[in-house]
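K.L.:
Just so you know, the sequence shown maps onto residues -28 to -1, 1 to 270 in mature numbering (1 follows the signal peptide of the UniProt record, and there is no 0). We treat Cβ as the ideally placed atom computed from N, Cα and C, and that holds for glycine. In this text the structure is predicted, and so the values were computed from the model without any measurement.
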Amino acid sequence: MSARISRRSAIKTLATTAAAVASGSVLAPSTTAQETGPVKLKGRIRHAACRWCYQDIPLEELCRAGKEMGLEGIDLVGPNEFPVLKKYGLVCSMVSNPTIDGLGGITRAWNRVEHHDKLVQAYEQRIRETAEAGFERLICFSGNRDGLDDEQGLKNCEIGLKRILPVAEKYKVTLCMELLNSKRSHRDYMCDRTAWGVELVKRLSSERFKLLYDIFHMQIMEGDICDTIRENHQYIDHYHTGGVPGRNEIDETQELYYPRIMQAIVATGFKGFVAQEFVPRRPDKLASLRQAIQICDV
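1) In this structure, how does DSSP classify residue 63 when only helix, strand and coil are distinguished?
2) Measuring CA to CA, which of 30, 71, 111 is closest to residue 64?
3) In this structure, how does DSSP classify residue 112 when only helix, strand and coil are distinguished?
4) On the premise that residue 67 lies in contact with residue 98, defined as a C-beta separation below 8 Å, what is that separation, rounded to the nearest angstrom?
5) Check whether the segment 236 to 256 touches the segment 10 to 26, counting contact only when three or more Cβ pairs, one atom from each stretch, lie closer than 8 Å.
6) Please report the straight-line C-alpha distance between residue 208 and residue 191, rounded to a whole angstrom.
7) For residue 17, does the three-state DSSP call read helix, strand or coil?
8) Our contact map puts residue 310 next to residue 152 with C-beta atoms below 8 Å; I'd like the distance itself, whole angstroms only.
9) Nearest to residue 160 by CA position, among 233, 119, 169, is which residue?
10) Does the segment 128 to 139 come close enough to the segment 81 to 99 that 3 or more CB-CB pairs lie under 8 Å?
11) Over the uninterrupted alpha helix (DSSP H) stretch that includes residue 143, give me the two end residues.
12) What number of angstroms, rounded off, separates the C-alpha of residue 28 from the C-alpha of residue 162?
13) Just how far apart, CA to CA, sit residue 89 and residue 114?
14) Which of the three DSSP states is assigned to residue 102 in this structure?
15) Return the bridge partner residues of residue 49 from the DSSP annotation.
16) Which class does residue 5 belong to by DSSP, given the choice of helix, strand or coil?
17) Around the Cβ of residue 267, are there at least 16 other Cβ atoms within 10 angstroms (buried) or fewer (exposed)?
18) Helix, strand or coil for residue 247, going by three-state DSSP, please let me know.
19) What residue range is occupied by the uninterrupted beta strand (DSSP E) comprising residue 12?
20) Figure out for me which residue from 234, 217, 173 has the closest Cα to the Cα of residue 137.
21) Mind checking residue 144: buried by the 16 CB within 10 Å criterion, or exposed?
22) How about residue 233 and residue 250: are their beta carbons less than 8 Å apart?
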């Protein structure tokens, strides 16, 4: 009974805040980006934010404000921006993928054998850069199907990734393949289901290859988020958030209840990062980020 009351109260509080924001009358103090300095969080979730969602905010400003909100890291930046993060005591919680001759991004990556030589070259360098900066995670992608069946795609990814895993293991950098939805956002992407990604992790059998579980994308493809996390947490090394539908704020305007999802993550003993990867709709984007951190601080 107490859990229901708590959940209902939380929803009511968020709804009240949203109504005030929508009316333009006030922005609740808990969502104001410039509150009163650093906030004290519970410490059960390590908070990060994805750089690309705040491209119109200078990185220094994002780092400064994020640090005060309780961020420990910024996702998806490259080596040229590492010094800015370090200046503010932040880590790159997920290093961005290298690209070479149009390869390495979401659509053209590890599921094609003909891409492997160039990808190996690019990833070996990025692994070293990641380790030299003292960071631990590097993103990678499967690529699109483009007529390739899923089993052959698994085999091809296994062949290619096995070529760079010895380097990742040597430098203690974990490669994380992101699960993305192929229904709406990234049509034809191959690593679009948890089961496919888990099978690849099993085949590679290395502590330096895991999944980046994007909650937004997997809600669209599969749903059943909390049980999927509980059943597969050992294959997951990083999480992304995002409101469904639309990949906007993770408040009451969307269909997922993020406090419960965060509780499910905490229950697995997870010690990695949860990175906010929603695109703010409100004019004060940093206020939306602060609110998201508080929603996920369970």
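P.N.:
Reading from the atomic positions:
1) strand
2) 111
3) In the three-state reduction of the DSSP assignment, residue 112 falls in the strand class.
4) 7 Å
5) yes
6) 16 Å
7) coil
8) Within the shown structure, residues of the chain are numbered from -28 to 270, placing residue 310 beyond reach of any answer.
9) Residue 160 has its Cα closest to that of 119, out of 233, 119, 169.
10) yes
11) 122 to 143
12) 31 Å
13) Taking the straight line from one Cα to the other gives about 15 Å.
14) helix
15) 67
16) Unreliable placement is indicated for residue 5, whose pLDDT of 37 sits below 50; no coordinate value is reported for it.
17) Buried is the call here.
18) strand
19) From DSSP, residue 12 is part of no beta strand (DSSP E); its letter is neither H nor E.
20) 173
21) Classification of residue 144: exposed, given that the 10 Å Cβ count is below 16.
22) no
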